[in-house]
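From first to last, the protein sequence lines stand for chains A and B.
Going by numbering that gives the first Met the number 0, the residue at position 34 of the first sequence is 33; the numbering climbs one at a time, nothing skipped.
Going by numbering that gives the first Met the number 0, the residue at position 9 of the second sequence is 8; the numbering climbs one at a time, nothing skipped.
All C-beta atoms in this analysis are idealised placements derived from N, C-alpha and C, irrespective of residue type, glycine included.
Some notes on the structure that comes next.
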Amino acid sequence: MGERLLVGTRKGLFRVERDVRGDWKISNTWFLGDPVSAVLAETGTERIYAALDLGHFGVKVQRSKNAGESWSEVAAPAFPEKPEGLEDKDPMRGVDVPWSTKLIWTLESGGPGELWCGTIPGAVFHSSDGGDSWQLMRALWDDPRRQKWMGGGYDFSGVHSVLIDPRDSSHITVAVSVGGVWQSTDSGAHWELIGAGLRNAYMPPEQADDPLPQDPHCVVHCPAQPDRMWMQHHNGIFRSDDSGRNWRELQDVPPSSFGFAVAVHPTDPDTAWFVPAIKDEQRIPVDARLVVSRTRDGGRSFDVLSEGLPEEPAYDLVYRHALDISNNGERLAFGSTTGSLWISENQGDSWQAVSKHLPPVLCVRFET
Amino acid sequence: MATISFTPNLLRHLDTPSTQVNGVTVRQALEEYFTQYPQVRGYILDDQGAVRKHVAIFLNQEPIRDRARQSDAVADHDDLFVAQALSGG
């Protein structure tokens, strides 16, 4: 389990594979030259999905039904016709929000053929036919509060986290940068803004606790206990024990509580990993030391893990989808903006560098 | 009929053979092409039907004026060329 890893980069999709000696090597390359913004290996099947950001020619979705032997283009999520005269502007910059998919930011599986997609501009799409067609979650898109979503690192808001409750696939939680956490219990027909306890430091102080202008960078849940969620937020690390309704901020996380990526152990909800950086304009490792922080006790304490990570000064940033954990909870992988990729086979205690020469890494996903 | 042809940059992604198309506007000519080659639409037009930001369409060697609706008039024997714009590289 977790013997193969898909790595989406600025210049193509790679597979790295573990050989019998325990070394990880590049075994496949696909879409060389094209940015791969999201990748998904469907559990229990040989289906792989890759989202391409072709720049000039738009976003595309490629699907393989045979574990990458062959690929074909399927439909890309597309927005409906914008009603004539409708005003829909980014609240901060006053420019029109495009009703056109600019980026596929995340792909998630809700079971065989069931796909969920988060995009920029911020929207959620669902496919029940393996990507042959997509439906915009219109109730969320049409919610008037959506027009208060705003761009963070990108020009427009985006949905980067889509969590499908393994106990009930109609229970969907999504996180928006910048637009808070939203939840549906009826497969997207209705949405509720949740997220009490989140805190931001970039809005006027009166809006610090408003759940709407929150900037979750990434949210994950523990598959065995999905009520436990972990969030790497622009302003810190937060934990929820009630499926995202209420959050508690963790204090004094070493060496920094700023970052983008988070992973949680599949069966132990108290164990989670983060890749810290200096907040928030610099976005490089603290003291130029690339480390991973890990809690095993629900956030009361953290280990700072560095064995096998660079001993020389390092300036890597790890994007929000560029850290993943295998289904058995033993292996972790992360890739960085310098095109480096590391894998751990002991929950982060030590790491091996797989490559230092990939294109900048946008996302990683273990195949099951 | 007008002749429509495409930048070779597209060949990395899909086939876009040159062909003759009917239509009195650029949009009509494009629509006829998309009827034969439906996958090409998303490479040229965005979700709202506008020419993608970094794609250019030339009508007889001049950029079209109406990138939102492609209403520029097309006559018999005109040449349409769909290019990858220099911007966005």
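By the Cβ criterion, the region 32–51 of chain A is not in contact with the region 16–23 of chain A, since fewer than three pairs of Cβ atoms, one from each stretch, lie closer than 8 angstroms. Separation of the CB atoms of S176 (chain A) and P215 (chain A) is rounded to 6 angstroms, and the pair is thereby assigned contact status at 8 angstroms. Per DSSP, the beta bridge partners of T294 (chain A) are A:A271.
By the 16-neighbour rule on beta-carbons within 10 angstroms, Y48 (chain A) is buried. Residue pairing by DSSP places F333 (chain A) opposite A:L322, A:W341 in a beta bridge. At a cut-off of 9 angstroms between beta carbons, F301 (chain A) makes no contact with chain B. Taking 9 angstroms as the threshold, the shortest C-beta distance from A67 (chain B) to chain A does not fall below it. Interface with chain B (9 angstroms Cβ-Cβ cutoff): T100 (chain A) is included.
DSSP places A352 (chain A) in the strand class (E or B) of the three-state scheme. Taking 9 angstroms as the cut-off, the Cβ atoms of V58 (chain A) and F155 (chain A) do not count as close.
Non-local C-beta neighbours of D286 (chain A) in its own chain, meaning closer than 6 angstroms and more than five positions away in sequence, are absent.
A buried status is given to N234 (chain A), since no fewer than 16 other beta-carbon atoms sit within 10 Å of its beta-carbon. When secondary structure is reduced to three states using DSSP, V285 (chain A) falls in the helix class.
The C-beta of Q83 (chain B) comes closer than 9 angstroms to at least one C-beta of chain A. Between I324 (chain A) and F273 (chain A) a beta carbon distance of about 12 angstroms is seen, past the 8 angstroms cut, so the two are scored as non-contacting.
Among the residues facing chain B, H125 (chain A) is not included, as its CB has no counterpart in that chain under 9 angstroms away. For E30 (chain B), the CB contacts under 8 angstroms within the same chain, skipping 5 residues up- and downstream, are G22 in chain order.
Per DSSP, reduced to three states, the secondary structure at I63 (chain B) is coil, with no helix or strand assignment. When DSSP states are grouped into helix, strand and coil, F365 (chain A) belongs to the strand group. Distance from G328 (chain A) to D267 (chain A) at the Cβ level is roughly 7 angstroms; contact confirmed, criterion being Cβ atoms closer than 8 angstroms. A Cβ of chain A is located within less than 9 angstroms of the beta carbon of L9 (chain B).
Rounded to whole angstroms, the separation of the alpha carbons of F5 (chain B) and T367 (chain A) is 41 angstroms.
Using a C-beta cut-off of 8 angstroms, the region 66–83 of chain B makes no contact with the region 101–114 of chain A, since fewer than three inter-stretch Cβ pairs fall below that distance. For a Cβ distance threshold of 8 angstroms, residue set H55, F56, G57 of chain A lies close to R51 (chain B), ordered along the chain.
Contacts between F78 (chain A) and chain B, judged by CB atoms closer than 8 angstroms, involve D46, Q47 in chain order. In terms of beta-carbon proximity, L79 (chain B) stays away from the interface with chain A, with every pair separated by 9 angstroms or more. In the three-state reduction of the DSSP assignment, W148 (chain A) falls in the coil class, being assigned neither a helical nor a strand state. Scanning chain B for C-beta atoms nearer than 8 angstroms to the C-beta of K81 (chain A) yields Q47, reported in chain order.
If you ignore the 5 residues before and after M149 (chain A), its C-beta comes within less than 7 angstroms of the C-beta of D89, P90, M91, S156, V177, all in its own chain and listed in chain order. Take the alpha-carbon of R9 (chain A) and the one of T172 (chain A): they are about 28 angstroms apart. Ranked by Cα distance from D269 (chain A), the options A:S168, A:D131, A:G297 are led by A:G297.
A contact between stretches requires three or more CB pairs, one per stretch, nearer than 8 angstroms, and the region 190–200 of chain A fails this requirement with the region 251–259 of chain A. The shortest CA-to-CA distance from G121 (chain A) to any of A:M136, A:L114, A:P225 is the one to A:M136. With a threshold of 9 angstroms between beta carbons, P97 (chain A) makes contact with chain B. When secondary structure is reduced to three states using DSSP, P37 (chain B) falls in the helix class. Q250 (chain A) carries a coil assignment under DSSP once its states are collapsed to helix, strand and coil.
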